[in-house]
Amino acid sequence: MAKLGFLGLGLMGYPMARNLLRAGHTVALWSNTGSKATQLAAEVGGTAAVVCASPAEVAGQSDVVFLCVGDTAMAETVILGKNGIIEGGRKGLVVVDASTISPSASVRIGETLAAAGIDFLGAPVTGSTPGAINATLTFMVGGDETVYNAVLPLLEVMGKKLYYCGGPGMGLHAKLTQNLVLSNILQAFNEGIVLSTKAGVPPALMLDILSNSAAKSGLIEYKAPFVLRRDFTTNFSVKWMHKDIGLMLDSGEELDVPLPLTALTRQMFQAAISSGHGEEDICSTINVLEDFAKIQVKG
């Protein structure tokens, strides 16, 4: 069994690390919220889970280190900062970053690690918390293909679909594109269902029509029942999608690609955060339009 490390034990990282432990691997654990590592070690029992005091300590005990943290700054800190992976890792270590961060920053991180003899893959995921729990995540990976093939069996413990997207940063470009389409579809759904509801079309009827038309969307079919139940329990929070949309706009600027619709969608996500919905699931963004329209979409 492999000697692994995992940094970041939030809604995604905790079940991902747990799946690696359940597969029989030894996993050194660290989280900014230290109690999460202790909790996971107690949950799985035995000696396979090792609670560490720093990312450097995790790296010193691992052949492969995974991380899933919130944003670019967090990733840079735990990888390159004081007591970071680079300080504890030896030559030949592989770092797999499942966070969604800036593609250009990911490339720079990889170059810095390479100078220290450490391999790096940017491997963002999609599938939200249920996918992490059920090991059905989709990985979009950028980096050296030989390194990707070496860690593929470990990725398969956590995910169902794995895409090698090319060189450094390419997995992140793919992930951001997927989230670009997702967030804009969600905004279009919010506008449409609020409009039809205020006009008097029953929401359940409208959803049935959408499901049997060219506007059919897997995202809508999954998220709409939560809206009708007014259940905004977090699988993927508004604040983290807002962060991702910002990364999309940054990439658009770097690549000279205008993203006008996406820019407006980000403002609607900002409005949801400003209204107190930042920690809720992305489907709670509908509250912004409902407040404007003085109508509520519910079953």
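With my numbering, letter number 102 in the sequence shown gets 102, and the count goes up by one each step, no holes. Note that beta-carbon positions come from the ideal geometry of N, C-alpha and C, so glycine has one too. Since this is a predicted model, take the numbers as computed values, not measurements.
Please work out which residues of its chain come closer than 6 angstroms, Cβ to Cβ, to residue i, disregarding the five sequence neighbours upstream and downstream, and give them in chain order.
{"i": "residue 198", "result": "293 and 295"}
{"i": "residue 55", "result": "7, 30, 78, 84 and 85"}
{"i": "residue 101", "result": "72 and 75"}
{"i": "residue 131", "result": "137"}
Anyone know if the C-beta pair for residue i and residue j falls short of 8 angstroms?
{"i": "residue 51", "j": "residue 93", "result": "no"}
{"i": "residue 29", "j": "residue 42", "result": "no"}
{"i": "residue 4", "j": "residue 26", "result": "yes"}
{"i": "residue 32", "j": "residue 135", "result": "no"}
{"i": "residue 106", "j": "residue 192", "result": "no"}
{"i": "residue 109", "j": "residue 80", "result": "yes"}
{"i": "residue 89", "j": "residue 59", "result": "yes"}
{"i": "residue 194", "j": "residue 289", "result": "yes"}
{"i": "residue 276", "j": "residue 239", "result": "no"}
{"i": "residue 310", "j": "residue 241", "result": "Any question about residue 310 goes unanswered here, given that the chain covers just 1 to 299."}
{"i": "residue 162", "j": "residue 103", "result": "no"}
{"i": "residue 231", "j": "residue 176", "result": "no"}
So residue i and residue j are supposed to be a Cβ contact under 8 angstroms. How far apart are they, rounded?
{"i": "residue 95", "j": "residue 113", "result": "6 angstroms"}
{"i": "residue 272", "j": "residue 262", "result": "About 15 angstroms; that fails the 8 angstroms criterion."}
Excluding the five sequence neighbours on either side, which residues of its own chain have a C-beta within less than 7 angstroms of the C-beta of residue i, listed in chain order?
{"i": "residue 182", "result": "219"}
{"i": "residue 40", "result": "9, 14, 17, 18, 29 and 49"}
{"i": "residue 144", "result": "119"}
{"i": "residue 87", "result": "56"}
> Which ranges would you report for the beta strand (DSSP E) in the region 97-183 if only whole runs of at least 3 residues count?
Replying inline: 119-122, 137-142 and 159-166
> Is there contact between the region 251-269 and the region 147-163, where contact requires at least three CB pairs shorter than 8 angstroms?
Replying inline: no
> Does the region 130-149 come within contact of the region 203-211, defined as at least 3 CB pairs closer than 8 angstroms?
Replying inline: no
>> Quick test of the definition: if touching needs 3 or more C-beta pairs under 8 angstroms, does the region 176-188 touch the region 212-223?
In response: yes
>> Please give the ranges of any alpha helix (DSSP H) in the region 41-80, keeping only runs that are unbroken, at least 4 residues long and fully inside the region.
In response: 55-60 and 72-80
>> List, from N- to C-terminal side, the alpha helix (DSSP H) runs of 4 residues or more that fit wholly inside the region 205-244.
In response: 218-229
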